[in-house]
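J.: Chains as they are written, first to last, in my numbering: chain Y, 930 to 1128; chain P, 930 to 1128.
C-beta atoms are modelled at their ideal positions from N, C-alpha and C, and glycine is treated no differently.
There are 2 protein chains.
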Amino acid sequence: MADNLSLERLVQALRRLPGVGVKSAQRMAFHLLQHDREGARVLAGALQDAAGSVHHCAMCHTFTEAEICSTCEDPARDRSQLCVVETPADQAAMERTGAYKGLYFVLMGKLSPLDGVGPRDIGLDKLLDRIMDTDAPVLREVILATNFTAEGETTAHVITQALRDRDIKVTRLARGVPVGSELEYVDLGTIAHALVDRR
Amino acid sequence: MADNLSLERLVQALRRLPGVGVKSAQRMAFHLLQHDREGARVLAGALQDAAGSVHHCAMCHTFTEAEICSTCEDPARDRSQLCVVETPADQAAMERTGAYKGLYFVLMGKLSPLDGVGPRDIGLDKLLDRIMDTDAPVLREVILATNFTAEGETTAHVITQALRDRDIKVTRLARGVPVGSELEYVDLGTIAHALVDRR
Chain Y
930 MADNLSLERL VQALRRLPGV GVKSAQRMAF HLLQHDREGA RVLAGALQDA AGSVHHCAMC
990 HTFTEAEICS TCEDPARDRS QLCVVETPAD QAAMERTGAY KGLYFVLMGK LSPLDGVGPR
1050 DIGLDKLLDR IMDTDAPVLR EVILATNFTA EGETTAHVIT QALRDRDIKV TRLARGVPVG
1110 SELEYVDLGT IAHALVDRR
Chain P
930 MADNLSLERL VQALRRLPGV GVKSAQRMAF HLLQHDREGA RVLAGALQDA AGSVHHCAMC
990 HTFTEAEICS TCEDPARDRS QLCVVETPAD QAAMERTGAY KGLYFVLMGK LSPLDGVGPR
1050 DIGLDKLLDR IMDTDAPVLR EVILATNFTA EGETTAHVIT QALRDRDIKV TRLARGVPVG
1110 SELEYVDLGT IAHALVDRR
């Protein structure tokens, strides 16, 4: 399609989105051009704005447009607790529970040596700097809320090891049977963990 | 997230893409901001360009940046045949077969009264104008290649009715058993059609 370079370029650009293959990218491009050109312009503007103005919070590493994000700046949060999560989406899930009032550190990923993701890529040194910060002796507990996948567990393990000799409590979210589930349909590993961690 | 309006706006804008819900939009936004800011800028540029320069071919209604698309301008194409398809993707599928050398008309949709898509929305009047064009008496056959769905069949039926009294051959792609398939796994409607259309 020599006369259609910009359509071709749009399809290629859409493929850079995660989970979007050739067919989806074509469908998206056709949809925008046929039914929603205004949407294409809005999306272009939003991409430009976000790529230019969003960066990492100096304290918790999450996405923010300010120097320090609103959660870290909130004087009502309990500064003795620091919850370590993998992504802003995980942080949002924690927030929705309404059960946590402390601060966060967002790794923006998880250790995955096979994919070339090492401690530095997920800001582990920044996390340790923050925990060791002697100007903030108020921190008493680090809650590891990385995912219960192989990479998430490894990440939690590495952080635990790094904090082993420090006078700080390191906890992990409880593993167990999800609320509302029937034992019959819960996988065996989960039941075994729930049995060990019974109270 | 009062300090994160442009991230929020980006997620909302990504949701305008077909098949993208809140979770996918968040994942896309996080991916672009964390791993591929260059991709975000490339996509923004491609969207702007395409929204500004891509329009419909004056002859076949497909997307093009020129006045007339390259297929319609190609002097090697057989001008006695006109193949009617629903989308540029369907046209591309026809082209890949290498079995068709005529021209196309791309409806850019299908009749769907329940969704408020009428004849005018899919350019049916433009198609009929083109077929009736007395300056182009060379056209002898209209091949209906709309999809074999309820809407595609309706669209084909409406076009057939509109051309009933004209001195022009109207054909439909053959329905039948797909190449390479085993009868045992083919649905009954397809087998019944293949039986009726046997040759």
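1) Does the beta carbon of P/Gln1020 sit closer than 7 Å to a beta carbon anywhere in chain Y?
2) Does DSSP classify P/Leu946 as helix, strand or coil?
3) Restricting to runs no shorter than 4 residues, where is the alpha helix (DSSP H) found entirely within the segment 1019 to 1062 of chain Y?
4) Under 8 Å: do the segment 953 to 960 of chain P and the segment 936 to 944 of chain P share three or more Cβ pairs, one atom per stretch?
5) So Y/Asp1007 is in the beta strand (DSSP E); what residue range does that whole segment cover?
6) Since Y/Glu994 meets chain P, which of its residues come closer than 9 Å, beta carbon to beta carbon?
7) Drop a sphere of 10 angstroms on the beta-carbon of Y/Tyr1033, count the other beta-carbons inside from all chains shown, and report buried for 16 or more, exposed for fewer.
8) Return the chain-ordered list of same chain residues with a C-beta closer than 8 Å to the C-beta of P/Val1046, the five sequence neighbours on each side being excluded.
9) Name the chain P residues whose beta carbon is nearer than 8 Å to that of Y/His990?
10) Can you pull the DSSP bridge partners for P/Val1099?
11) Would you list the one or two residues that DSSP bridges to Y/His1122?
12) Which stretch, first to last residue, makes up the alpha helix (DSSP H) that contains Y/Val951?
13) Using a Cβ distance threshold of 8 Å, determine whether the segment 1071 to 1084 of chain P contacts the segment 1000 to 1013 of chain P, with at least three qualifying pairs required.
14) Could you give the DSSP three-state label for Y/His1086: helix, strand or coil?
15) By the DSSP assignment, the alpha helix (DSSP H) with P/Glu996 in it spans what residues?
16) Is there a C-beta anywhere in chain Y that falls below 7 Å from the one on P/Asp1062?
17) With a threshold of 6 Å, establish whether the CB of Y/Val1099 neighbours any heavy atom of the ligand PLP.
18) When the Cα of P/Arg1103 is compared with those of P/Arg1093, P/Gly1118, P/Asp1116, P/Ala1074, which residue comes out closest?
19) Determine whether the Cβ of P/Leu976 lies closer than 7 Å to any Cβ atom of chain Y.
20) Quick one: which chain Y residues come within Cβ less than 7 Å of P/Met957?
21) Between P/Thr993 and the rest of its own chain, which residues show a CB-CB distance below 8 Å, the 5 nearest in sequence each way excluded?
22) Below 8 Å, how does it come out for the segment 1118 to 1126 of chain Y and the segment 941 to 957 of chain P: are there three or more Cβ pairs, yes or no?
23) Identify the residues that DSSP records as bridge partners of Y/His897: which are they?
24) Residues of the segment 1027 to 1049 of chain P in Cβ contact with chain Y at a cutoff of 7 Å, in chain order, please.
25) When you compare each of P/Arg1093, P/Leu1112, P/Thr1089 to P/Arg1101 by their alpha carbons, which one comes out closest?
26) Tell me, to the nearest whole angstrom, how far the beta carbon of P/Ala969 is from that of Y/Ala954; I am working on the premise that it is less than 8 Å.
27) Do you know how far the Cα of Y/Asp1062 is from the Cα of Y/Arg1095?
28) Roughly how many angstroms separate the alpha carbons of Y/Arg1006 and Y/Tyr1029, rounded to a whole number?
29) Report all residues from its chain with a CB closer than 7 Å to the CB of Y/Lys1055; omit the five preceding and five following residues, and keep chain order.
30) Name, please, each residue of chain Y whose Cβ falls closer than 7 Å to the Cβ of P/Pro1017.
31) Take Y/Leu1112 and list the residues in its own chain whose beta-carbon comes closer than 8 Å to its own, dropping the five residues that flank it on each side.
T.: Put simply:
1) no
2) coil
3) 1053 to 1061
4) yes
5) 1007 to 1014
6) Asp932, Asn933, Leu934, Ser935, Leu936
7) buried
8) Gly1038, Lys1039, Leu1040
9) By Cβ distance, chain P contributes nothing, its closest Cβ being about 11 Å from Y/His990, past 8 Å.
10) P/Val1071
11) Partner(s): none; Y/His1122 has no beta bridge.
12) 951 to 964
13) yes
14) helix
15) Looking at the DSSP string, P/Glu996 is not in any alpha helix (DSSP H), and its letter there is neither H nor E.
16) no
17) The ligand content of the structure shown is nil, which means the ligand PLP is not present either.
18) A small fix is needed here, since residue 1103 of chain P is Ala in this sequence, not Arg. Looking at the Cα atoms, P/Ala1074 is the closest of the given residues.
19) yes
20) Leu946, Pro947
21) Val983, His984, His985, Cys986, Ser999
22) no
23) Nothing about residue 897 of chain Y can be reported from this structure: the residues present for chain Y run from 930 to 1128 only.
24) Met1037
25) P/Thr1089
26) 15 Å between Cβ atoms; not a contact.
27) 12 Å
28) 9 Å
29) His990
30) Phe959
31) Val1106, Ile1120
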